[in-house]
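The structure appears right after this line, and notes come after that.
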């Protein structure tokens with residue numbers, strides 16, 4: 049009997065302790081499951097300016113020109129300057145930055161895009177819009193080479209791959225500055 | 404954001420069609436006819452149907468001029484997408500968090516819902532929310548209807564990051580959507596650990612597909628594009644990824660010859676939603692009403708001018724005045740005929756005052772992109788009572 053009471057008290061104490069634990073927020077909830085390396089690599093398609101994320105493969109402008117003509121020109125024009133969608137090709141004399149003053153200057157890869165790696169990243173994930181994500185890595189490297197060459201940024205025979213693409217310097221890079229406004233909202237006063 | 408004459412005609416034709424349907428369903432005396440039985444799903448009154456303003460393949464605007472209060476009905480929340488609205492089965496949905504974390508983890512939708520949930524009422528605004536070429540026959544929704552307010556429910560991103568363990572040196576997250584654009588944005592870790600949500604609820608129910616079903620990132624007060632919808636992946640990193648949407652797009656050229664990047668916060672803005680086009684005033688007392696909002700916290704004041712900005716008077720702010728949410732303002736005004744120009748300007752708790760077009764032009768230049776333009780705008784009351792948008796030239 050005494051033993052029974054003692055057990056009961058012990059159980060009650062345990063319940064109280066458990067209740068206290070449940071009322072708090074744990075450091076971790078133990079939800080979700082570990083992602084395998086294969087699951088990560090299946091989704092991890094992003095490319096950073098330092099080249100991290102660029103896959104194996106390569107391409108040159110001449111190969112890219114053929115792909116561009118069949119898969120891109122319909123929306124971006126025969127030479128990348130005609131539209132109807134985004135104008136991709138064009139430089140500003142002296143590589144200036146006249147966009148605030150002149151609304152007629154289109155923002156192209158050659159005169160506005162600050163990083164060459166973004167071309168690869170975006171084309172691979174989203175283009176062409178009729179079949180997004182359908183291009184092989186070699187095709188994306190070739191298209192990237194074609195667009196950079198059409199903008200006068202790389203030579204005709206330059207091979208674009210994971211080593212060379214991050215080294216391509218873009219004319220407009222120096223004009224981009226991070227926002228200096230405070231980004232966080234004012235906190236409520238106590 | 405260009406508003407064409409065709410948009411206006413299409414809108415007017417829709418309104419006529421609705422009016423015809425309504426007439427056929429309404430009895431002469433509703434007290435003499437038994438009404439309809441209960442239904443599993445309700446509908447709007449047949450005479451009070453409202454619609455978004457659809458333009459092209461990637462945008463529809465909230466009809467702000469048809470709304471009251473501060474909450475946007477979910478089916479009228481604006482849309483902006485870059486690869487269409489994807490159809491995602493909730494049972495196959497998952498969110499991968501990896502990169503500079505201790506435990507790369509995959510969460511199902513059920514997992515996300517088992518975490519502590521938070522509900523927060525916030526506006527969401529597209530950073531390109533101004534029809535700069537709008538003509539006189541422009542409604543408030545056509546002019547600036549890419550802002551909406553909802554109650555968002557989800558798990559705090561800080562909770563998820565605590566679960567996976569962020570490594571020291573982490574500065575940015577890449578957020579990636581599961582749409583056909585596989586849209587990506589880099590988000591500073593400070594915001595992720597502050598008030599960011601992975602949201603699965605909107606106004607008491609699941610997110611609408613257009614708003615990111617089954618789950619989206621939600622960054623209160625920041626430009627809508629960064630709140631990545633159909634969120635499938637978060638990669639923690641020590642540097643931003645410089646995606647297309649934060650370099651080629653969503654950057655603003657400035658008159659000083661630079662382009663502003665990572666300009667996340669939406670600045671204070673207000674908009675009179677009535678009277679506005681296509682209202683027609685009758686003489687006497689008129690309620691001037693509209694919405695104001697800011698990404699910097701709370702709206703503290705909205706001033707109204709009825710003389711084109713020569714004099715201003717403070718409007719009444721309707722409670723609740725919530726941080727990072729639309730705030731409704733009201734101001735009674737006596738119209739005795741004659742031309743008047745109605746304007747509003749917002750002030751937020753940081754002291755920031757909504758700028759004039761001239762101030763924005765001086766800072767940004769006439770060629771600047773449409774992003775983050777929040778000018779004071781006006782509505783012209785003509786002597787016959789017709790109200791039209793006060794056209795502005797930005798060139």
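Chains as they are written, first to last, in the numbering used here: chain A, 49 to 238; chain B, 404 to 798.
All C-beta atoms in this analysis are idealised placements derived from N, C-alpha and C, irrespective of residue type, glycine included.
Kindly indicate if chain B contains any beta-carbon less than 8 Å away from that of residue i.
i	result
residue 166 of chain A	yes
residue 147 of chain A	yes
residue 186 of chain A	no
residue 173 of chain A	yes
residue 170 of chain A	yes
residue 190 of chain A	no
residue 214 of chain A	no
residue 197 of chain A	no
residue 162 of chain A	yes
residue 97 of chain A	yes
residue 226 of chain A	yes
residue 155 of chain A	yes
residue 183 of chain A	no
residue 76 of chain A	yes
residue 151 of chain A	yes
residue 254 of chain A	For chain A, the structure presents residues 49 to 238; residue 254 of chain A sits outside this window and is missing.
When burial is assigned at 16 or more other CB atoms within 10 Å of the CB, is residue i buried or exposed?
i	result
residue 424 of chain B	Low confidence applies to residue 424 of chain B: its pLDDT is 45, below 50, so where it sits in the model is not reliable enough to give any reading.
residue 625 of chain B	buried
residue 459 of chain B	exposed
residue 426 of chain B	Note that residue 426 of chain B scores 47 on pLDDT, short of 50, meaning its location in the model is unreliable and no value can be drawn from it.
residue 455 of chain B	buried
residue 218 of chain A	buried
residue 606 of chain B	buried
residue 133 of chain A	exposed
residue 175 of chain A	buried
residue 558 of chain B	buried
residue 436 of chain B	exposed
residue 76 of chain A	exposed
residue 669 of chain B	buried
Answer yes or no: do residue i and residue j have a C-beta to C-beta separation smaller than 8 Å?
i	j	result
residue 554 of chain B	residue 524 of chain B	yes
residue 747 of chain B	residue 796 of chain B	no
residue 677 of chain B	residue 749 of chain B	no
residue 646 of chain B	residue 694 of chain B	no
residue 648 of chain B	residue 546 of chain B	no
residue 156 of chain A	residue 135 of chain A	yes
residue 620 of chain B	residue 634 of chain B	yes
residue 685 of chain B	residue 788 of chain B	yes
residue 202 of chain A	residue 188 of chain A	no
residue 226 of chain A	residue 644 of chain B	no
residue 738 of chain B	residue 687 of chain B	yes
residue 151 of chain A	residue 770 of chain B	yes
residue 191 of chain A	residue 171 of chain A	yes
residue 537 of chain B	residue 588 of chain B	no
Is the shortest distance between the beta-carbon of residue i and the beta-carbons of chain A less than 8 Å?
i	result
residue 456 of chain B	no
residue 507 of chain B	yes
residue 758 of chain B	no
residue 465 of chain B	no
residue 499 of chain B	yes
residue 671 of chain B	no
residue 425 of chain B	Annotation note: pLDDT 44 at residue 425 of chain B (below 50); position unreliable, no value reported.
residue 486 of chain B	yes
residue 645 of chain B	yes
residue 584 of chain B	yes
Within its chain, find whatever has a CB closer than 6 Å to the CB of residue i; leave out the 5 residues flanking it on each side and keep chain order.
i	result
residue 512 of chain B	493, 496, 617
residue 752 of chain B	700, 701, 703
residue 507 of chain B	501
residue 613 of chain B	482, 488
residue 522 of chain B	554, 556
residue 636 of chain B	499, 579
residue 560 of chain B	595, 599, 601
residue 683 of chain B	788, 789
Only counting the same chain, and skipping five residues up and downstream in sequence, which positions put a Cβ closer than 8 Å to that of residue i?
i	result
residue 785 of chain B	742, 791
residue 147 of chain A	153, 155, 160
Whose C-beta lies closer than 7 Å to the C-beta of residue i among residues of the same chain, with five residues either side of it excluded?
i	result
residue 564 of chain B	595, 596
residue 714 of chain B	708
residue 194 of chain A	109, 112, 113, 116
Inside the stretch 643–710 of chain B only - beta strand (DSSP E) runs reaching at least 3 residues: For the stretch 643–710 of chain B, whole beta strand (DSSP E) runs of length 3 or above, ordered along the chain, are 662–664, 672–677, 687–696, 702–708.
Kindly provide the ranges of any alpha helix (DSSP H) runs that are 4 or more residues long and lie completely inside the stretch 504–576 of chain B, ordered along the chain. Unbroken alpha helix (DSSP H) stretches of 4 residues or longer found wholly inside the stretch 504–576 of chain B: 512–517, 543–547, 560–567, given in chain order.
Suppose only complete runs of 3+ residues qualify. What are the beta strand (DSSP E) ranges in the stretch 706–784 of chain B, listed by chain order? Runs found: 730–738, 743–751, 781–784.
If you scan the stretch 595–639 of chain B from start to end, which runs of the beta strand (DSSP E) of 3 or more residues do you find wholly inside it? Listed in chain order, the complete beta strand (DSSP E) runs (minimum 3 residues) inside the stretch 595–639 of chain B are 600–605, 619–621.
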